[in-house]
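There are 2 protein chains.
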Amino acid sequence: MTQVIRSSAELREKVATWKRSGMLVGVVPTMGALHDGHMSLVRAARKQSDRVIVTIFVNPMQFNNSDDLAKYPRDEAHDLALLETEGVDVLFAPGVEEVYPAGFATKVSVSGVSEPLEGAFRPGHFDGVATVVTKLFGMTQAGRAFFGEKDWQQLQVVRRMVADLNIPVRIIGCPTIREEDGLAMSSRNVRLSADERACAPLLHAELQKAAEAIRAGTPAAAALAAAQEALSAAGFGPWDYLEMRSAETLQPLDTPCEPARLLAAVGLGAVRMIDNIAV
Amino acid sequence: MTQVIRSSAELREKVATWKRSGMLVGVVPTMGALHDGHMSLVRAARKQSDRVIVTIFVNPMQFNNSDDLAKYPRDEAHDLALLETEGVDVLFAPGVEEVYPAGFATKVSVSGVSEPLEGAFRPGHFDGVATVVTKLFGMTQAGRAFFGEKDWQQLQVVRRMVADLNIPVRIIGCPTIREEDGLAMSSRNVRLSADERACAPLLHAELQKAAEAIRAGTPAAAALAAAQEALSAAGFGPWDYLEMRSAETLQPLDTPCEPARLLAAVGLGAVRMIDNIAV
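Note that the protein sequences, when read in sequence, are chains A and B. Going by the working numbering, the first residue of the first sequence is number 22, and it counts up by one from there. Going by the working numbering, the first residue of the second sequence is number 22, and it counts up by one from there.
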């Protein structure tokens, strides 16, 4: 039976009883609209923790676009049913006023790794992520936290922040879960039309092709230009970015001389798609 | 026997053994150069915690003035001897590279309460305080933390930050400890000349006189103008501020209609003195 908790004071008491018994708490921070990608994080948490909290909070502070915030899918009953099947202990679903009460005035910001890519196209986004994740770590006092590699840059920002602020939590990155055709699972995929949905897997396919070419010695710029051309011809656009970057620092790379990642953000119809893969 | 620890990894292990036994950890964050003001915090921590950590770290991030940083008094051997007498369990004295290793990129900032007074005269100071205190709470995993009311605005900034980030620590504010003549104890007092030292207690005396006058109905502006005039005549200056403010939010107050505080920052010779009292 998954217990739904909405107040951080009640959560704190729950966690305190677990901690007194020496239990390791795992947390999976989400914005709800759960899919198999999230559930893979939940299963990892279940395996690596004694008690599992899934948080669902559509965090206004990390949306730079009010339309995206308004349209973000929400279905708590469905989410709860999914979490029940995985034996999650607590669904923590606080309201906005619980997370950001009157007088709230604190911001956590990470420079460097948060600045390019998503940071450049979504001003304030990673401040919102870093702040709410710090808060969720405080509220849940989790010893382990599970994040998807789908949001690769977010994972690196969270790792940096946790190291920098000495937060006593271990960050576990989990591989992107894909549909059979390769499309990375995302809560925003439900907003794709049938035609767009049919076209969407090409993003992953072209990223793979580019990564293979780069590994085979093709200059990254040429491989990525070819991918962009193919995707644009198939109806993707406008482009925010399609780049090879250092996997950890997200700094630009011309050659994959250190662990590298291809990262893309591009429109498809009304949806902004993101994806990334290792080179 | 007070154990000196310099690495956060070693501290984490130490704290983990305490936590497994259900012990409550208290922390007193300091910049060293300990005096009776600090020791009153240590004694409060000793009473209210099972284990006590005193941290000594002269935090470069909170100094906006490199000269003040260079001249800040340091005497770890003397500090350690004092802490031994009070039965402190751990002196945590990390180096700068332990607290801010290469690649460090995260900042905690508090708006509102941190902006006027010290915030206006020491740009970046409270970002440095909020960031290092968040780090020290992560490193020590303390359940209680003890701060002096001498740095009144700092205490309010830390309270705001802890509430906002849901850090699981209780903040305990402890009264300012004064010399017999009323001078608030401060590590910077050693930098006063004999003449300045003789003059210094007038700051507290004039604050008291102004508070009494305000409580008796004198308009705050008049009471503070009289105090400033008397202090300037005695050699205090230049003035950063001498104001009545809301005790919690530090917003300006004309009348003490809510808990109010008089706060002063003023030069005396080469030293910048701060003090504050309740109205």
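Glycine is no exception: its CB is placed at the ideal position from the N, C-alpha and C atoms. Owing to the predicted nature of the structure, the values given are computational and were not obtained by experimental measurement.
### Query
B:Gly47 and B:Val73: beta carbons closer than 9 Å?
Their beta carbons are under 9 Å apart, which means B:Gly47 touches B:Val73 by this criterion.
### Query
What is the DSSP secondary structure of B:Asp57, counted as helix, strand or coil?
Note: B:Asp57 maps to helix in three-state DSSP.
### Message
Suppose you measure from the CA of B:Ala242 to the CA of B:Trp260; what does that come to, to the nearest Å?
### Response
The alpha-carbon atoms of B:Ala242 and B:Trp260 are separated by roughly 15 Å.
### Task
Using beta-carbon positions only, say whether A:Ser253 and A:Gly164 come within less than 9 Å of one another.
If you check the CB distance, A:Ser253 and A:Gly164 do not come in under 9 Å.
### Query
How close, in whole Å, do the beta carbons of B:Arg181 and B:Val129 come, if the pair is a contact with beta carbons under 8 Å?
With 8 Å as the limit, B:Arg181 and B:Val129 do not qualify as a contact, their Cβ atoms being about 11 Å apart.
### Query
Using a Cβ-Cβ distance under 9 Å, would A:Leu186 count as near chain B?
Taking Cβ atoms only, chain B reaches closer than 9 Å to A:Leu186, which makes this a yes.
### Query
Per the contact definition of three or more C-beta pairs closer than 8 Å, is the region 47-56 of chain A in contact with the region 84-100 of chain A?
Output reads yes: the region 47-56 of chain A touches the region 84-100 of chain A.
### Query
In angstroms, rounded to a whole number, what distance separates the CA positions of B:Pro277 and B:Ser267?
Those two C-alpha atoms are separated by around 8 Å.
### Query
When the Cα atoms are used, what is the spatial distance from A:Gly133 to A:Ala184?
Distance between the alpha carbons of A:Gly133 and A:Ala184: 14 Å.
### Task
Identify whether B:Gly288 lies in helix, strand or coil by the three-state DSSP scheme.
In this structure, B:Gly288 counts as strand in the three-state DSSP scheme.
### Task
Give the single residue among B:Phe257, B:Gln229, B:Ala151, B:Leu157 whose Cα lies nearest to the Cα of B:Met294.
Selected option, being the one with the closest Cα: B:Phe257.
#### Entry: CB contact check: B:Pro189 to chain A, cutoff 9 Å
Judged by the 9 Å Cβ criterion, B:Pro189 is in contact with chain A.
#### Entry: chain A contact residues for B:Gly169, given Cβ-Cβ distances below 9 Å
Residues of chain A passing the Cβ test: none, with the nearest at roughly 22 Å.
### Query
With a CB to CB cut of under 7 Å and the five nearest residues on each side skipped, what residues in its chain are close to B:Gly203?
If we look at B:Gly203 and ignore the five residues flanking it on each side, its Cβ neighbours are Pro222, His225, Ala226.
### Query
If the cut is a Cβ gap below 9 Å, which residues of chain B does A:Gln162 touch?
Ordered by position in chain B, the residues that pass the 9 Å Cβ test against A:Gln162 are Pro189.
### Message
Which residues in chain A have a C-beta closer than 7 Å to the C-beta of B:Val129? List them in chain order.
### Response
Ordered by position in chain A, the residues that pass the 7 Å Cβ test against B:Val129 are Thr127, Val129.
#### Entry: Cβ of B:Thr38 within 9 Å of any chain A Cβ
Interface residue (Cβ-Cβ distance to chain A less than 9 Å): B:Thr38 is not classified as such.
### Task
Specify the secondary structure class of A:Cys278 as computed by DSSP and reduced to three states.
A:Cys278 sits in coil when the DSSP states are folded into three classes, being neither helix nor strand.
### Task
Reducing DSSP to helix, strand and coil, say where A:Gln162 ends up.
Three-state result, A:Gln162: coil.
### Residue burial classification, B:Thr106 (beta-carbon count within 10 angstroms, cutoff 16)
So B:Thr106 counts as exposed.
### Task
For the region 142-166 of chain B, enumerate the residues whose C-beta is nearer than 7 Å to any C-beta of chain A, in chain order.
Against chain A - using a Cβ distance shorter than 7 Å - the residues of the region 142-166 of chain B are Thr155, Lys156, Gly159, Met160, Gln162.
### Task
Can you give me the start and stop residues for the beta strand (DSSP E) that A:Lys92 sits inside?
Unbroken run through A:Lys92 is the alpha helix (DSSP H), 87-92; no beta strand (DSSP E).
### Message
Between which residues of its own chain and B:Val109 is the CB-CB distance below 7 Å, once the five residues before and five after are set aside?
### Response
Answer for B:Val109: Thr23, Val63, Val73, Val75, listed in chain order.
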